[in-house]
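If you want this note's numbering, it's the 1-based position in the sequence shown plus 8.
All C-beta atoms in this analysis are idealised placements derived from N, C-alpha and C, irrespective of residue type, glycine included.
Input: a single structure, listed below in structure tokens.
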Amino acid sequence: MLKLFTQTGWRFLWLTLLVFIADQYTKTLVLENIEHYQAIQILPFFNLTHVYNYGAAFSFLSDAGGWQRWFFTIIAFGVSAMVLWWLKQTSKEQILMPMAFSLIIGGAIGNAVDRLIHGYVIDFLVLYYQDWYWPAFNVADSAICIGAALLIIDMIKNKEENHD
């Protein structure tokens with residue numbers, strides 16, 4: 009059993025736990041300290057704004073009537089289980105891919121827990137320029153995006169190594 013946590017990608021599951029804890033902690037802080045729809049300007053292009061997302065990324069299917077809560081929760085846990093299995097298959101030599109997988113799992117579970125507990129995902133990070141606003145996001149969303157970027161970097165890096 010110890011070999012799983014030292015010789016496979018599971019050695020990065022601490023990162024999954026770190027993302028999950030940071031995500032849930034920041035969402036708790038938002039719930040306790042910022043009123044719903046209240047915006048607090050941090051920088052001229054960045055606000056903390058307490059909002060709820062009933063859908064998926066960019067509020068996709070947010071007004072679908074409620075079934076999407078369970079649909080996205082099942083998808084998040086299903087994908088996390090599949091990625092956890094892939095993570096177990098990675099070798100000790102691999103670094104970027106297991107880190108990416110761990111970030112993605114932590115983010116997916118963080119948002120899924122929100123859907124289970126609240127029925128929506130708590131978002132609060134808002135980037136904007138003048139009247140243009142990027143959709144609100146959270147720590148879990150950030151971890152998923154960073155994980156996806158690391159997967160792309162790993163694919164490019166491995167493609168270059170295989171062509172040498």
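Three-state secondary structure (DSSP) of asparagine 146
If DSSP states are grouped into helix, strand and coil, asparagine 146 belongs with coil.
If isoleucine 117 and phenylalanine 28 are in contact, beta carbons under 8 Å, what's the gap, nearest whole angstrom?
Confirmed, about 6 Å.
With three or more beta-carbon pairs closer than 8 Å as the criterion, would you say the stretch 119 to 130 touches the stretch 89 to 105?
The stretch 119 to 130, when compared against the stretch 89 to 105, does not touch it at the 8 Å Cβ threshold.
Would you list the residues sitting across from phenylalanine 54 in a DSSP beta bridge?
BP columns for phenylalanine 54 point to Leu51, Leu135.
Per DSSP, tyrosine 141 is paired with what?
Its beta-bridge partners are Tyr136.
Evaluate phenylalanine 53 with the Cβ neighbour count: other Cβ atoms within 10 Å of its Cβ, from every protein chain shown; 16 or more gives buried, anything less gives exposed.
Here phenylalanine 53 is exposed. Its C-beta has fewer than 16 other C-beta atoms within 10 Å.
Let me make sure I understand the geometry here. Which of Phe132, Lys165, Asp149 has the alpha-carbon closest to that of glutamine 49?
For the residues Phe132, Lys165, Asp149, the minimum Cα distance to glutamine 49 belongs to Phe132.
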